[in-house]
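Residues in the sequence shown are numbered consecutively from 21, following this note's numbering. Ideal Cβ placement from N, Cα and C applies to all residues, glycine included. Worksheet: one structure, shown below.
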Amino acid sequence: MRAALENALREAVRTGRLPPAARLPSSRALSEDLQIARNTVAEAYAQLVGEGWLVAKQGSGTHVAGQVPATRQVASPAAAEVTRFRYDLRAGSPDLSSFPRSEWLSAARRALVGAPAEAFGYTDPRGRPELRAALAGYLARARGVRAAPERIVICSGFTQSFGLLCQVLRARGATSLTTEAYGLSSNHDTVTAAGMGVQTLRVDERGALVEELTYTDAALLTPAHQFPLGQALAAARRTQVIQWAVATAGLVIEDDYDGEFRYDRQPVGALQSLAPEHVVYAGTASKTLAPGLRLGWLVLPAHLIDDVAAAKAAADRHTSVLDQLTLAELISCGGYDRHVRRRRLAYRRRRDRFVAELHRHAPQLRVLGIAAGLHALLQLPQGHTENEVVARAARRGLAIEGLNAYRHTDQPHQPALVIGYASPPDHAFTGALARLVAVLDDPPRPG
Ligand SMILES: Cc1ncc(COP(=O)(O)O)c(C=O)c1O
């Protein structure tokens, strides 16, 4: 009760609902209003006085401090963006408001009650056995991955998974890693930070041109759904890249970031199943549940497990046990599959609305990469540039990104936007779509 009151008061001061110097009710009055013990109110006030949110003067009661505590003055970048952008259609996030709070909470409760005491100590750097066992079953049935629990390492999202892999590869003598010419630029930073050079592979409508892989130690691919262009790697190229890996002892790293979300047919199974000793499968809960969880997993060839587990132990010993046990429980009770099924249906409806709306208002625009995932590519008509459309959207309070933000090649492309149609909460989706249509309706500005 006291903590809830403190939080509510901090929030009221932080947002300005209680302005500086405002007088607070006496502890007696507030305790009567809220039907709580007077001591609880007095203790909450004292705590907030100690933290600098409130001031108490003998004889004149308790007031909001004139000077805000230092931590309140520093707006986080995210907070700054919230005020700047009313709507956000950038790719990279699922609808955060769809996080299955009550299922997660019940799973957490069950996991906590059932956890042995040893679970709360330092654990295997690969992760809790409960989660590795649950994931082995899930990945086999949902993604066709050939996964045994002892081959799995739980990480803090794909970001950490890929960072650890790069470190291990470099320590084993690798000097170069190839990525797709379009992708996350943070991946390039990770490769160079590990001391390797980055090469890039061109991408066409059948995915990465893997036949152009020459000398390189490893290739990072998004085979199920190229990020951000949106196509699946063609069947012939899947075989080709495996042949390359086998022939050259190269390693394929399969970033399966949104493989569960395919709408028009069965999901494309994981490449890993074709050659588990040559492909590292990397999955994440960032799209299925939420990126804030920081939960991801690697399914590794036998020869990499010990080194990756050692790198994970050196990085942070292991990922949080409570989150691992909760996810294990959510998968085992069927809640994770149910959530993914529900989200797939919801995102598919969103995608259909997005495509229909654009078709109605801007039939000349091509929308690509819509068979799967949480984003689409929107090619811009002649005369528009990505920067100009992105800036125009920003002036209308809409955050979007151009394809250039993901380009790692000198080759130009037809200007396009990467639209994360899954990101807004349901209540904001219609508004976000309307803003996008309005931005696209504006005539291009010269220059
Ligand atoms: C291509 C790609 N891979 C992986 C991820 C997930 O990264 P993480 O698991 O670190 O959140 C994302 C998230 O946006 C992504 O776009």
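| request: Give me every residue whose Cβ sits closer than 6 Å to any heavy atom of ligand 1, in chain order. | output: G112, G177, F178, T179, L204, T242, F247, D275, Y277, T304, S306, P311 and G316
| field | CB-CB length for L291 against T236, believed under 8 Å | value | Counting from one through the sequence shown, the residue named residue 291 turns up at place 271. Counting from one through the sequence shown, the residue named residue 236 turns up at place 216. Their Cβ separation, rounded to whole angstroms, is 17 Å, which puts L291 and T236 out of contact at 8 Å.
| query | Can you give the beta carbon distance from L456 to F105, rounded, assuming they're within the 8 Å contact cut? | reply | Along the sequence shown, one-based indexing puts residue 456 at 436. Along the sequence shown, one-based indexing puts residue 105 at 85. About 13 Å separates the two Cβ atoms, so there is no contact after all.
| field | D357 in three-state terms, based on DSSP | value | Within the sequence shown, numbered from 1, the residue matching residue 357 stands at position 337. Helix, per DSSP.
| said: Taking 8 Å as the cut-off, does the region 248 to 259 touch the region 225 to 240 (at least 3 CB pairs, one atom from each stretch)? | reply: yes
| task | Starting from W317, follow its DSSP beta bridges and name the residues at the other end. | result | As a first step, residue 317 must be located in the sequence shown, where it is residue number 297. Answer is I174 and G303.
| message | Let me check understanding here. Comparing Cα to Cα, which of R361, P435 and V300 lies closest to A167? | response | For this step, residue 167 is matched to residue 147 along the sequence shown. It is V300.
| query | Out of T195, G70, G36 and C353, which has the shortest C-alpha to C-alpha gap to L151? | reply | The residue labelled residue 151 in the question sits at position 131 within the sequence shown. Of the candidates T195, G70, G36 and C353, the one whose C-alpha sits nearest the C-alpha of L151 is C353.
| said: If I measure Cβ to Cβ from T210 and keep anything under 6 Å in the same chain, skipping five residues before and after, which residues do I get? | reply: If you number the sequence shown from 1, residue 210 lands on position 190. These residues qualify, in order along the chain: F182, G183 and C186.
| Would the beta-carbon of G312 fall within 8 Å of that of A111? | Position 292 of the sequence shown, counted from the first residue, corresponds to residue 312. Position 91 of the sequence shown, counted from the first residue, corresponds to residue 111. No.
| task | Express the C-alpha separation of A127 and A28 in angstroms, rounding to a whole number. | result | As a position in the sequence shown, residue 28 is number 8, starting the count at 1. As a position in the sequence shown, residue 127 is number 107, starting the count at 1. When rounded, the distance between both Cα atoms is 27 Å.
| field | Own chain partners of A391 with C-beta closer than 7 Å, once the 5 adjacent residues on each side are dropped | value | Here residue 391 is taken as the residue at index 371 of the sequence shown, counted from 1. Excluding sequence neighbours, A391 sits near R282, Y283 and D284.
| What's the gap between the Cα of N207 and the Cα of A302? | Against the sequence shown, residue 207 aligns to sequence position 187. Against the sequence shown, residue 302 aligns to sequence position 282. N207 and A302: Cα-Cα distance of roughly 13 Å.
| query | If you run the structure through DSSP and keep just helix, strand and coil, what is T82? | reply | Within the sequence shown, the letter at position 62 stands for residue 82. Here T82 sits in strand by DSSP.
| request: Step through the CB atoms of chain D and report whether any lies within less than 8 Å of the CB of T234. | output: Although the question refers to chain D, the structure presented lacks it and comprises just one protein chain.
| task | In angstroms with no decimal places, state the Cα-to-Cα distance between G316 and I174. | result | Taking the first residue of the sequence shown as position 1, residue 316 is located at position 296. Taking the first residue of the sequence shown as position 1, residue 174 is located at position 154. Going by the C-alpha atoms only, they are around 6 Å apart.
| What whole-angstrom Cβ distance do A310 and P114 have, given they're in contact under 8 Å? | Here residue 310 corresponds to residue number 290 of the sequence shown, with the count starting at 1. Here residue 114 corresponds to residue number 94 of the sequence shown, with the count starting at 1. About 7 Å; that satisfies the 8 Å criterion.
| query | Is T304 near W124, with beta carbons less than 8 Å apart? | reply | Position 284 of the sequence shown, counted from the start, is the residue given in the question as residue 304. Position 104 of the sequence shown, counted from the start, is the residue given in the question as residue 124. Going by C-beta atoms, T304 is not nearer than 8 Å to W124.
| request: Report the residue from A32, L25 and W73 whose alpha carbon sits nearest the alpha carbon of L50. | output: Here residue 50 refers to the residue found at position 30 of the sequence shown. Closest by alpha carbon: L25.
| request: Please say whether R222 and E232 have beta carbons closer to each other than 8 Å? | output: Here residue 232 is taken as the residue at index 212 of the sequence shown, counted from 1. Here residue 222 is taken as the residue at index 202 of the sequence shown, counted from 1. It is a contact, given that the beta carbons lie within the stated cut-off.
| message | For D430, count the other beta carbons within 10 Å of its own beta carbon; 16 or more makes it buried, fewer makes it exposed. Which is it? | response | The residue you call residue 430 lines up with position 410 of the sequence shown. Counting Cβ neighbours within 10 Å, D430 comes out exposed, since fewer than 16 surround it.
| With 16 other CB atoms within 10 Å as the buried threshold, where does S80 fall? | Counted from its first residue, the sequence shown places residue 80 at position 60. So S80 counts as exposed.
| Delimiting residues of the alpha helix (DSSP H) encompassing I262 | Within the sequence shown, the letter at position 242 stands for residue 262. Where I262 is concerned, the enclosing alpha helix (DSSP H) stretches over A255 to T268.
| What is the rounded straight-line gap between the Cα of E200 and the Cα of A333? | The residue given as residue 200 occupies position 180 in the sequence shown. The residue given as residue 333 occupies position 313 in the sequence shown. So the alpha carbons of these two residues sit roughly 30 Å apart.
| Along the chain, where does the beta strand (DSSP E) that runs through I439 open and close? | If you number the sequence shown from 1, residue 439 lands on position 419. Where I439 is concerned, the enclosing beta strand (DSSP E) stretches over A436 to I439.
| said: So, for R412: in the same chain, excluding its five sequence neighbours on each side, which residues have a beta-carbon less than 7 Å away from its beta-carbon? | reply: If you number the sequence shown from 1, residue 412 lands on position 392. So the qualifying residues of the chain are V459 and D462.
| query | Could you check where the beta strand (DSSP E) with S196 kicks off and where it finishes? | reply | The count along the sequence shown starts at 1 and reaches residue 196 at position 176. First-last of the beta strand (DSSP E) with S196: S196 to E200.
| message | Quick check: G270 and A239, are their CB atoms within less than 8 Å of each other? | response | Sequence index remark: in the sequence shown, residue 270 carries index 250 (1-based). Sequence index remark: in the sequence shown, residue 239 carries index 219 (1-based). Yes, they are a contact pair.
| DSSP-derived helix/strand/coil call for I273 | Sequence index remark: in the sequence shown, residue 273 carries index 253 (1-based). Here I273 sits in strand by DSSP.
| query | What is the DSSP secondary structure of S96, counted as helix, strand or coil? | reply | In the sequence shown, counting from the first residue as 1, residue 96 sits at position 76. Any answer about S96 is weak, because its pLDDT of 49 lies below 50 and its placement is not dependable; what the coordinates show is given next. Coil, per DSSP.
| field | Enclosing beta strand (DSSP E) for G217 [first to last residue] | value | Counting from one through the sequence shown, the residue named residue 217 turns up at place 197. Counting along the chain, the beta strand (DSSP E) containing G217 begins and ends at G217 to L221.
| request: Give the single residue among A191, A348 and E52 whose Cα lies nearest to the Cα of L159. | output: Along the sequence shown, read from residue 1 onward, the residue named residue 159 stands at position 139. Nearest of A191, A348 and E52 to L159, Cα basis: A348.
| task | Determine the contact status of R161 and D276, defining contact as a CB-CB distance below 8 Å. | result | Along the sequence shown, read from residue 1 onward, the residue named residue 161 stands at position 141. Along the sequence shown, read from residue 1 onward, the residue named residue 276 stands at position 256. Not a contact, by the Cβ cut-off of 8 Å.
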